[in-house]
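Below is one structure, written out as structure tokens, with a few remarks after it.
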Amino acid sequence: MITPAQTPLYEIKANLFKALAHPARIRILELLAAAPDTAAPVSYLLAETGLEASHLSQHLATLRRHGVVTSVRTANAVTYRLAHPKISELLAIARVFLLDSLAGSSEQLRLAQELPAGHLGSTGPVGIPDRLGSTDGLESTAP
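Mapped onto the UniProt record's numbering, the consecutive letters of the sequence shown carry residue numbers 1 to 143.
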């Protein structure tokens with residue numbers, strides 16, 4: 001049996017990304033990253049995410065179990081904090097990567113739509129060639 005110390009780093013990374021692989025958890029992390037001292041009480045997270053308390057609790061437990069957030073209980077409140085400042089950087093890097101990817105996709109789509117009709121051969125219903133060069137009986141909408 002492999003001990004945690006023998007677990008390959010790529011498996012550990014995959015588990016980290018599994019912990020991040022939910023839109024609500026990303027939203028929670030972004031809220032914490034933007035909060036003063038990267039910390040916020042559960043009441044704030046509830047209000048900002050709009051999640052039910054039980055769902056928020058499950059997401060926070062997943063993030064805590066994977067070491068992404070920590071929690072501190074005071075008299076009548078629980079405050080969550082990013083476990084490491086690099087988590088904010090990871091979110092920022094992901095944002096830049098996605099914005100660049102989306103910008104590239106938008107640019108490619110814009111360029112494809114500006115091509116003259118017939119430039120790419122037979123086109124599908126939105127002016128983009130299909131795999132077989134057939135329009136399936138539909139006319140191109142390209143100018």
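The beta-carbon is built from N, C-alpha and C at its ideal position, and this holds for glycine as well.
Residue nearest to residue i in terms of C-alpha spacing, selected from the options
i: glutamine 58; options: Val42, Glu114 and Thr38; result: Val42
i: arginine 81; options: Ser101, Ala5 and Leu45; result: Leu45
i: alanine 35; options: Thr79, Gly50 and Glu52; result: Thr79
i: alanine 24; options: Ser54, Glu107 and Ala83; result: Ser54
Cβ neighbour criterion (16 or more within 10 Å) applied to residue i
i: valine 72; result: exposed
i: threonine 38; result: buried
i: leucine 138; result: Because the pLDDT at leucine 138 is just 39, under 50, the model does not fix this residue reliably, and the value given afterwards should be weighed accordingly. With fewer than 16 Cβ atoms within 10 Å of its Cβ, leucine 138 is classed as exposed.
i: alanine 19; result: buried
i: isoleucine 87; result: buried
i: leucine 99; result: exposed
i: valine 69; result: buried
i: leucine 32; result: buried
i: alanine 14; result: exposed
i: alanine 5; result: exposed
Three-state secondary structure (DSSP) of residue i
i: proline 41; result: strand
i: leucine 51; result: coil
i: threonine 70; result: strand
i: threonine 79; result: strand
i: proline 85; result: coil
i: alanine 19; result: helix
i: threonine 7; result: coil
Touching by the beta-carbon criterion (3+ pairs, under 8 Å), the segment 60-72 and the segment 20-40:
yes
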